[in-house]
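**Q**
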Amino acid sequence: MNNISLILRSSITALEEKVQDPGRMLQQLIIDMEEELERVRTSVAGAIADEIQLKKSCQRAREEADHWLERASNALERGDEAQSEAALAQKLRCAERADGLEKEYAKQQSQVLKLQDAVRDLEDKIRQARQKQTLLQARMVRAQSQQNINQALDASTRKSAFAQFSRLEQQVEREEAMTQAYDRLEGRDPDAEELDREFAEQERKTRLKEELAALKRRLNDEKTG
Numbered sequence: 001m002n003n004i005s006l007i008l009r010s011s012i013t014a015l016e017e018k019v020q021d022p023g024r025m026l027q028q029l030i031i032d033m034e035e036e037l038e039r040v041r042t043s044v045a046g047a048i049a050d051e052i053q054l055k056k057s058c059q060r061a062r063e064e065a066d067h068w069l070e071r072a073s074n075a076l077e078r079g080d081e082a083q084s085e086a087a088l089a090q091k092l093r094c095a096e097r098a099d100g101l102e103k104e105y106a107k108q109q110s111q112v113l114k115l116q117d118a119v120r121d122l123e124d125k126i127r128q129a130r131q132k133q134t135l136l137q138a139r140m141v142r143a144q145s146q147q148n149i150n151q152a153l154d155a156s157t158r159k160s161a162f163a164q165f166s167r168l169e170q171q172v173e174r175e176e177a178m179t180q181a182y183d184r185l186e187g188r189d190p191d192a193e194e195l196d197r198e199f200a201e202q203e204r205k206t207r208l209k210e211e212l213a214a215l216k217r218r219l220n221d222e223k224t225g
């Protein structure tokens, strides 16, 4: 009974909170409880067998007491009082034995009921443990699935073309910033240099137009001259 009580007091919730593999520990607990259940059932079967035997012994003792009472009556009817008293003495011994057996039978009945209650309690604990195991397995699968999704998303973010392009763009911007920084250190003004290039280009185009116009006038003069 102590072993039964120990298992019934086992905290399944506490096992789930351990850092170790809770699924494996819960499965082992179920196995232990099932083994204990088989031992308790064997004990119950033995106790019931003892109960049946005690009941039969009680019945036999009562029947034997009735038999000696009948003999005592017959002896008294025959006028043999001494034999009747001897038969009554046997009847009393049988009745006393029957009373003792009935007390043992009542105790055995109580023990059987306790063992049967223990079986039902242990069966209920096993059902609860199996339900918790199913829920725990579902939670573990869901957690693993979420972990796989997170890992896949992280990998996708690290390896995607968009991520690579973003990193490349950041590198280019960094290089441009470094170039501007060096220009400032050297006293150069990128904006002024750009404006100077625009003016130079415009002046080049103006000279080109002037030269083209002069060439046209010379050719025209040659034709008219």
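Quick note: the sequence shown uses my numbering, first residue 1, plus one each step.
Every residue gets a Cβ at the ideal spot worked out from N, C-alpha and C, and that includes glycine.
1) First and last residue of the alpha helix (DSSP H) that includes Arg78?
2) Are the CB atoms of Glu36 and Gln109 nearer to each other than 8 Å?
3) Tell me the rounded alpha-carbon separation between Glu136 and Ile30.
4) Excluding the 5 residues preceding and the 5 following Glu194 in the sequence, name in chain order all residues of the same chain whose CB lies nearer than 6 Å to its CB.
5) Just to confirm, are Ala98 and Ser84 a CB contact at a threshold of 8 Å?
6) Checking contacts by CB at 8 Å: is Leu54 closer than that to chain C?
7) Arg24 to Ala49, Cα distance in whole Å?
8) Judging by CA-CA distance, which residue of Asp80, Ala95, Gln151 is the nearest neighbour of Arg60?
9) So which of Arg62, Val44, Ala214, Arg197 has the shortest CA-CA distance to Leu92?
10) Relative to the C-alpha of Ser43, which candidate in Glu201, Ala118, Glu104 has its C-alpha closest?
11) Buried or exposed for Lys205, please, with buried defined as at least 16 other CB atoms from any protein chain shown within 10 angstroms of its CB.
12) Mark Val141 as exposed unless 16 or more other C-beta atoms lie within 10 angstroms of its C-beta, in which case mark it buried.
13) Does the Cβ-Cβ distance between Leu101 and Ser57 come in under 8 Å?
14) Contact defined as beta carbons within less than 8 Å: I believe Leu26 pairs with Ala129. What is the distance between those atoms, to the nearest angstrom?
15) Could you give the distance in angstroms between the alpha-carbon of Arg39 and the alpha-carbon of Gly46?
16) Going by alpha carbons, who is nearest to Glu104 out of Glu173, Glu222, Arg197, Gln53?
17) To the nearest angstrom, report how far apart Pro22 and Arg139 are at their CA atoms.
18) If we ignore side chains and look at the alpha-carbon of each, how far apart do Leu69 and Ala89 end up?
**A** Quick look at the numbers:
1) No alpha helix (DSSP H) holds Arg78; DSSP gives it neither H nor E.
2) no
3) The question names Glu, yet the displayed sequence has Leu at residue 136. The alpha-carbon atoms of Leu136 and Ile30 are separated by roughly 14 Å.
4) Cβ neighbours of Glu194 within its own chain (closer than 6 Å, five residues either side excluded): none.
5) no
6) Judged by its chain identifiers, the structure shown contains no chain C, having just a single protein chain.
7) 38 Å
8) Ala95
9) Arg62
10) Ala118
11) exposed
12) That one is exposed.
13) yes
14) Yes, they are in contact, since the Cβ atoms of Leu26 and Ala129 sit about 6 Å apart, within 8 Å.
15) Taking the CA atoms as reference points, Arg39 sits about 11 Å from Gly46.
16) Gln53
17) 11 Å
18) 9 Å
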